[in-house]
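Under my numbering, the letters of the sequence shown match residues 1 to 248, in that order. Glycine is no exception: its CB is placed at the ideal position from the N, C-alpha and C atoms.
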Amino acid sequence: MRLGTPSDIKLIDENGLRVDGRTPEQLRPIKIQTDVLNRADGSAYIEWGGGNKIMVAVYGPREAYPRHTQDIERAIVKARYNMAAFSVDERKKPGPDRRSVEISKVISEALQAAILVEQFPRAQIDVFIEVLQADAGTRIAGLTAASVALAAAGVPMRDLVVGGCTAGKVDGQIVLDLCREEDNFGQADLPMAILARSGKVVLIQMDGDLTTEEFDRATSMILNATKRINQIQREALQGKYIAEQGGE
Ligand code: UDP
């Protein structure tokens with residue numbers, strides 16, 4: 001959500017460091033934990049930086065209801081992205097709004113590309129993404145955790161994971177993984193998500209403006225970061241399977 005750049009806010013200091021002390025290509029720390037909810041078929045909790053805390057619950061595949069929503073050829077994926085009222089500085093009015101409907105749609109489509117939906121005609125897979133605390137990058141953090149929760153639920157996937165990151169332009173420089181000040185007061189942001197194995201882009205949005213060179217630089221930074229993020233996703237899932245087999 002860009003608010004424009006007030007001239008008194010400096011987002012990159014004289015040493016080239018960002019407001020939270022990171023270098024332009026540095027990711028915030030990411031932690032993912034699976035199986036945190038007993039009643040869901042699969043779940044994951046992600047902390048992306050200290051500021052983003054998101055819980056994901058997956059249900060299904062189960063018969064799609066109401067029936068007229070069923071697709072006779074494939075399962076439908078219904079992601080619902082929701083921000084808690086207390087997740088942001090200014091109380092967020094509860095319930096869906098234009099932004100959450102848009103984010104739910106783009107996440108549903110990205111997940112649909114990763115899941116073997118044709119194996120489950122007439123079914124639906126529900127993915128609830130609850131943002132408990134937000135500090136920019138929540139759609140990508142939510143999608144990254146949703147993919148882990150789906151794999152933890154045993155939902156067959158074309159590609160084990162879909163993960164991504166946001167890049168953007170602040171103070172005229174391309175930087176990776178925008179924090180809230182950068183997202184709000186920077187000149188552009190570009191969230192993107194990729195299927196790990198095939199490299200297929202399943203989500204890309206852009207706010208603001210970039211030259212084609214800047215766009216190329218931003219997307220190559222994201223591609224690099226996605227490898228690291230996929231690794232974190234795999235480690236979260238390996239932890240789950242080791243625990244299931246009675247190990248550590
Ligand atoms: N945000 C907010 N109130 C809102 C929506 C967003 O304070 O109603 C903040 C929140 O920290 C969010 C950030 O603005 O993470 C960036 O929002 P954007 O729409 O760019 O989506 P995101 O980067 O979270 O995917």
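{"Item": "Comparing the CB of residue 94 with every heavy atom of ligand 1, is any distance shorter than 7 Å?", "Value": "no"}
{"Item": "On the three-state DSSP scale, how would you describe residue 258?", "Value": "In the structure as shown, the chain starts at 1 and stops at 248, and residue 258 therefore has no counterpart that could be examined."}
{"Item": "Measure from the alpha carbon of residue 16 to the alpha carbon of each residue in 173, 159 and 101, then state which is nearest.", "Value": "173"}
{"Item": "Per DSSP, what kind of secondary structure is residue 9 in: helix, strand or coil?", "Value": "coil"}
{"Item": "Give a single yes or no on whether residue 134 has its beta carbon closer than 7 Å to a heavy atom of ligand 1.", "Value": "yes"}
{"Item": "Do residue 159 and residue 99 come within 8 Å of each other at the CB atom, strictly closer than that value?", "Value": "no"}
{"Item": "For residue 206, which residues in the same chain have their Cβ closer than 6 Å to its Cβ, ignoring the five residues on either side in sequence?", "Value": "190"}
{"Item": "Could you compute how far the alpha carbon of residue 60 sits from the alpha carbon of residue 211?", "Value": "43 Å"}
{"Item": "State the DSSP-derived secondary structure class of residue 221, mapped to helix, strand or coil.", "Value": "helix"}
{"Item": "Report the three-state DSSP secondary structure of residue 214 (helix, strand or coil).", "Value": "helix"}
{"Item": "Mind checking which residues open and close the alpha helix (DSSP H) that includes residue 203?", "Value": "Taken as a continuous stretch (DSSP letters only), residue 203 belongs to no alpha helix (DSSP H), being part of the beta strand (DSSP E) at 201-204."}
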